[in-house]
Each structure stands twice: as structure tokens, then as C-alpha cells.
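S.K.: Structure provided below as C-alpha cells; questions to follow.
Residue numbers (my numbering): 149 to 377.
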């Protein structure tokens, strides 16, 4: 059996693993049990009572966190020349088309989000084998394929994130950094959870939100009472 480090023991001593905490208490506790020296991300994992293998139970969407994620998101706008300056003015880190398509074909994916236009999806489609596994493929459902490129870029920079239930029925999302005030972590997490509640598929039966856990990088998870949302 692996030995438990001193820092982890200290974190576990502050946490009751059998308790369901309110979202407010969990947001404060996750800061207190963090042991990293860097500004760790705060993540929420939500296990849903859905079967992701069925199209009518797929949960996927976007949410704009009121306080952002705390991460400097790199955005690439794959757009026609007439839209390049518009994308850059909105905050895109990179903007262009053919030259970036060639870079991606060569394996370059040093971005967090790609925004594009419907008219150029024909060129981007073949990049699916590179972008798909990395979660970078633009999609109209997440607002990353649009004619209003400037708004899409500014939304992403302001804290808009997309989420998708994985094959185990779990949604994973970053809702801030441990340097955030507890109230800001709570408000971000609450916005995500309320969005998920509104998206409950009609085909999903039984308990929809089965469990919620909040953690920072390398910290134990804090279990949250879904009734506190």
C-alpha cells in the first residue's frame, strides 16, 4: 500500500469524506485543503444519471462562468482574410486560415479553443482526426462555428466553456483557481450546475444528478450535496 504524504494527511484531516457539503462550504474547503505551491485549478465532476450511448441522453453545452476560469485561454480564429482583423480586435491570439490549416496538419495544436465560420468548415473538416481527440474541433452547438466571430472570441476570453458528458456519464469542468475568493468559486460552480439542471434530457429517468465532487489539482475531492444547488 502506497504511503500517504504529510501534505495529503493534513488535507484529509480537514475533510470529512463521509459528509455531503453545501456548495458554499465546499468552495471554501477546497481552498483550505489545497497543497500545491502553484495556482491550482478548481474542478467540478458531476455524475449524471444518463446513458451517453443514447443520442437522446447526450448532455453537451456551453456556459459562461461569471468570473472566468482564471486561465489565459489561447484562441485560434480560422477565418477568411476579411474577418482576421475583427477576430484579432476581439482578442484572438491567432487569426488566419490556410497557413494555420497547414500547421495543424503538421501536428500544431498549441491552442485551447478554435473558432471558425460556417463557410470554411469544408476546409476544416479533414482536420477532425487531429482536432477531435484533443477536443478542439469547432462545433455549432458550442458556439464556435458562427458568422459572429468577434462575439465568439470575446465570449471564450470572458469565461465561456463547453462541456460534454463522457462515456461514464460524468461531466468534468474547471470552475476557477484556488486563488479565487470562495464566493467566486461558488458562483462559477453554481452557474455550471444550474445550466446542467436545465439541460436534463426528457429521456433520462430516475435521479439525474447522482453525485458532485469539487477538487483542486492533486487535492482530495469534496462531495457536494446536490440539494444545496
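For every residue, glycine included, the Cβ atom is placed at its ideal position computed from N, Cα and C.
Could you tell me which residues DSSP puts in a beta bridge with residue 320?
M.R.: By one-based count along the chain shown, residue 320 stands at place 172. Bridge partners of residue 320: 193.
S.K.: With DSSP as the reference, label residue 255 as helix, strand or coil.
M.R.: The count along the chain shown starts at 1 and reaches residue 255 at position 107. In the structure shown, residue 255 sits in coil (DSSP, three-state: anything other than H, G, I, E or B).
S.K.: Roughly how many angstroms lie between the CA atoms of residue 165 and residue 320, to the nearest whole one?
M.R.: Within the chain shown, residue 165 is the residue found at index 17, counting from 1. Within the chain shown, residue 320 is the residue found at index 172, counting from 1. So the alpha carbons of these two residues sit roughly 20 Å apart.
S.K.: Roughly how many whole angstroms lie between the Cα atoms of residue 188 and residue 298?
M.R.: The residue given as residue 188 occupies position 40 in the chain shown. The residue given as residue 298 occupies position 150 in the chain shown. If you take the alpha carbons of residue 188 and residue 298, they lie about 30 Å apart.
S.K.: Compare the beta carbon distance of residue 317 and residue 196 with 8 Å and say whether it is the shorter of the two.
M.R.: For the purposes of this step, residue 317 is taken as the residue at position 169 of the chain shown. For the purposes of this step, residue 196 is taken as the residue at position 48 of the chain shown. The answer is yes: Cβ separation under 8 Å.
S.K.: Going by other Cβ atoms of all chains shown within 10 Å of its Cβ, with 16 needed for buried, is residue 334 buried or exposed?
M.R.: Within the chain shown, numbered from 1, the residue matching residue 334 stands at position 186. With 16 or more Cβ atoms within 10 Å of its Cβ, residue 334 is classed as buried.
S.K.: CB residue 209 to CB residue 311, shorter than 8 Å?
M.R.: Locating residue 209 in the chain shown gives position 61, counting from the first residue. Locating residue 311 in the chain shown gives position 163, counting from the first residue. In this structure, residue 311 lies closer than 8 Å to residue 209 by Cβ.
S.K.: Within 10 angstroms of its Cβ, does residue 149 collect 16 or more other Cβ (buried), or is it exposed?
M.R.: Your numbering for residue 149 matches position 1 in the chain shown. At residue 149, the pLDDT of 43 sits below 50, so the modelled position is not reliable and the matter cannot be decided from this model.
S.K.: CA-CA distance, residue 366 and residue 309?
M.R.: As a first step, residue 366 is located in the chain shown; it is residue number 218 there, counting from the start. As a first step, residue 309 is located in the chain shown; it is residue number 161 there, counting from the start. Residue 366 and residue 309: Cα-Cα distance of roughly 22 Å.
S.K.: Give the straight-line distance between the Cα atoms of residue 286 and residue 269, rounded to the nearest whole angstrom.
M.R.: Position 138 of the chain shown, counted from the start, is the residue given in the question as residue 286. Position 121 of the chain shown, counted from the start, is the residue given in the question as residue 269. Approximately 9 Å, taken between the alpha carbons.
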